[in-house]
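Chemist:
Numbering (this note's numbering), first residue to last: -6 to 391.
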């Protein structure tokens, strides 16, 4: 077992210096793999659309009714299974965004924007009895009040646009508002609030309760002082309020957690933020709120740094971060959380100092290549393993 010794800051000097690289997930790898195509090493096979294939999926989540939905991002569609699949390669039952499983008509199926069309769908989450989907390049969030149980079911509500046929950045305005979106990549419902990572506007918006009207304005904003600003890092150096590329949101105990991929860090707020521009209380991945280099300025990673952390989720006593460009997952427990704290465990690499797509080798059941979106389903972690064109259902060790 390898050991990583972290130079201790004032915030961490009371923690053990040696952090073992114990594996977070079962070492044999994923229990179920969806979308993977078996191919000889070095042979590139185009990902032909079907009910069993995926192309660069960036989001996957279990809904309240027990169904699994995957944002098959590169094919501009959503795929649905009535329950968590139990076998590798199990075909999807439902399809949204394209005319049939075997045709990939491109963005918005090469047709007009509508209530059933998609253009780079990414974030996906349960929303009460329904679901919310970040339809990124249509600059909107689509909401279904009930999870679809038929293919081609149109959405019931849209945020970011006034109607289902519009798709302009910030509704065509030069500045954002509480009602507009620009590349919304992440969505998260905590049972009380809907959060949206409005990445192109460098902010996170929240709505109190499930929105009920098309284009409904947000109730609050993080990352900017008000709804009309969109400056990267607030137009200055990174700090505890600013964002560069916010992406995914989750709750972990009392903490609201957000992956700020462009600043190579994860921000945490204690409790639900109550005011616009509220500063974060803690940062992971950097020693303070100002520094933002990937891997803290080094080529190889360690237990306390990130290279574009796009995904975050929480499962029982674990906070899990998809450290995307390092092709690994990192895990913290609640007692670990102080600014700059090293991760306790990892998955996808042999040790904290290791990086590389599929461990610089062939794809396997326990390797990762640009894990993008992650969510939890009981003891399983659902991983959109985007660079490998697949979704993994991979169980935790504890």
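Each residue gets a CB set at the ideal place from its N, CA and C atoms; glycine is no exception.
#1: Less than 7 Å between C-beta atoms, sequence neighbours within five positions excluded: which residues of the same chain meet that for residue 370?
#2: Roughly how many whole angstroms lie between the Cα atoms of residue 40 and residue 317?
#3: Looking at the secondary structure, which residues open and close the beta strand (DSSP E) in which residue 313 lies?
#4: Between the stretch 46 to 66 and the stretch 374 to 388, do at least 3 Cβ pairs fall closer than 8 Å?
#5: Output the residue ranges of the alpha helix (DSSP H) runs that lie fully inside the stretch 178 to 214 and measure 4 residues or longer, sorted by chain position.
#6: May I ask which residues mark the beginning and end of the beta strand (DSSP E) holding residue 338?
#7: Would residue 120 and residue 182 qualify as a contact pair, given that the criterion is a beta-carbon distance under 9 Å?
#8: Flag this pair as yes or no: are the beta carbons of residue 72 and residue 44 separated by less than 9 Å?
#9: So, do the stretch 287 to 296 and the stretch 216 to 233 have three or more beta carbon pairs nearer to each other than 8 Å?
#10: Count the CB pairs spanning the stretch 259 to 277 and the stretch 238 to 248 that are closer than 8 Å, and state whether there are at least three.
#11: Quick check on DSSP: helix, strand or coil for residue 306?
#12: If we call anything under 9 Å between Cβ atoms a contact, is residue 384 one with residue 27?
#13: Distance check for residue 299 and residue 131, CA to CA, integer angstroms please.
#14: When the distance is taken between beta carbons, is residue 233 closer than 9 Å to residue 272?
#15: Tell me which same chain residues have a C-beta within less than 6 Å of the C-beta of residue 164, skipping the five on either side of it?
#16: So, at 7 Å on beta carbons, what are the nonlocal neighbours of residue 110 in its own chain, with the 5 sequence-adjacent residues on each side left out?
#17: Please identify the residue among 177, 80, 82 whose C-alpha is closest to the C-alpha of residue 116.
#18: With DSSP run on the structure shown, which of helix, strand or coil describes residue 332?
#19: Tell me whether residue 42 is buried or exposed, calling it buried when 16 or more other Cβ atoms sit within 10 Å of its Cβ.
#20: Pick helix, strand or coil for residue 368, following the three-state DSSP scheme.
#21: Tell me whether residue 116 sits in a helix, a strand or coil according to DSSP, three-state version.
#22: Would you check if the stretch 145 to 153 and the stretch 205 to 221 touch, i.e. whether three or more CB-CB distances between them fall below 8 Å?
#23: Quick check on DSSP: helix, strand or coil for residue 426?
#24: Quick one: using the 10 Å Cβ neighbour count with 16 as the cut-off for buried, is residue 192 buried or exposed?
#25: Pull up the distance between the alpha-carbon of residue 161 and that of residue 194, whole angstroms please.
#26: Enumerate in chain order the residues of its own chain whose CB-to-CB distance from residue 157 is below 6 Å, with the five nearest sequence positions on each side excluded.
#27: Name the one or two DSSP bridge partners that residue 374 has.
#28: Taking the alpha carbon of residue 169 as the reference point, which residue from 189, 326, 155, 223 has its own alpha carbon closest?
#29: Along the beta strand (DSSP E) that carries residue 258, what are the first and last residues, could you check?
#30: Measure the Cβ-Cβ separation of residue 361 and residue 322 and say whether it is below 9 Å.
#31: Would DSSP call residue 379 helix, strand or coil?
#32: Note down, in chain order, each residue of its chain lying with its Cβ closer than 7 Å to the Cβ of residue 85, except the 5 sequence neighbours on either side.
#33: Going by DSSP in three states, residue 15 sits in which element: helix, strand or coil?
#34: Counting only the same chain and skipping the five closest in sequence on each side, list residues whose C-beta sits under 7 Å from that of residue 274.
#35: Do residue 357 and residue 340 count as a contact pair if the criterion is CB distance below 9 Å?
#36: Mind checking which residues open and close the beta strand (DSSP E) that includes residue 64?
Modeler: Let's see:
#1: Close CB contacts of residue 370 within its chain, under the 7 Å cut and outside five residues either way in sequence, are with 55, 77 (chain order).
#2: The C-alpha of residue 317 is placed about 21 Å away from the C-alpha of residue 40.
#3: Taken as a continuous stretch (DSSP letters only), the beta strand (DSSP E) holding residue 313 covers 311 to 316.
#4: Counting Cβ pairs under 8 Å, three or more are found: they touch.
#5: With a minimum length of 4 residues, there is no unbroken run of alpha helix (DSSP H) contained wholly in the stretch 178 to 214.
#6: Unbroken beta strand (DSSP E) run through residue 338: 338 to 340.
#7: In contact: residue 120 and residue 182 (Cβ atoms closer than 9 Å).
#8: The criterion of a C-beta distance shorter than 9 Å is satisfied by residue 72 and residue 44.
#9: No: the two stretches stay apart, fewer than three of their Cβ pairs being nearer than 8 Å.
#10: Three or more pairs of CB atoms, one per stretch, sit closer than 8 Å, so the stretch 259 to 277 contacts the stretch 238 to 248.
#11: Residue 306: strand per DSSP, three-state reduction.
#12: When the beta-carbon positions are compared, residue 384 and residue 27 come within less than 9 Å of each other.
#13: Their backbone Cα atoms lie some 29 Å apart in a straight line.
#14: Yes.
#15: Correct list, in chain order: 173.
#16: For residue 110, the CB contacts under 7 Å within the same chain, skipping 5 residues up- and downstream, are 90, 101, 102, 104 in chain order.
#17: Comparing Cα-Cα distances from residue 116 to each of 177, 80, 82, the minimum goes to 177.
#18: Correct three-state label for residue 332: coil.
#19: Under this definition residue 42 is a buried residue.
#20: Looking at residue 368 - three-state DSSP - the assignment turns out to be strand.
#21: Three-state DSSP puts residue 116 in a strand.
#22: Contact between the stretch 205 to 221 and the stretch 145 to 153 is present, because at least three Cβ pairs lie under 8 Å.
#23: The question about residue 426 has no answer, for the chain in this structure spans -6 to 391.
#24: When all chains shown are included, residue 192 counts as buried.
#25: Their backbone Cα atoms lie some 13 Å apart in a straight line.
#26: The residues are 107, 108, 151.
#27: Per DSSP, 369, 387.
#28: Just measuring C-alpha positions, the residue of 189, 326, 155, 223 sitting nearest residue 169 is 223.
#29: Segment 258 to 263, the beta strand (DSSP E) holding residue 258.
#30: In this structure, residue 322 lies closer than 9 Å to residue 361 by Cβ.
#31: Residue state, collapsed to three classes: helix.
#32: Excluding positions up to five away in sequence, the list reads 44, 72, 73, 74.
#33: Assignment of residue 15 by DSSP, reduced to helix, strand and coil, places it in the strand class.
#34: Same-chain partners within the cutoff: 261, 262, 263.
#35: No, the pair does not count as a contact, with Cβ atoms beyond the cut-off.
#36: For residue 64, the enclosing beta strand (DSSP E) covers residues 61 to 65.
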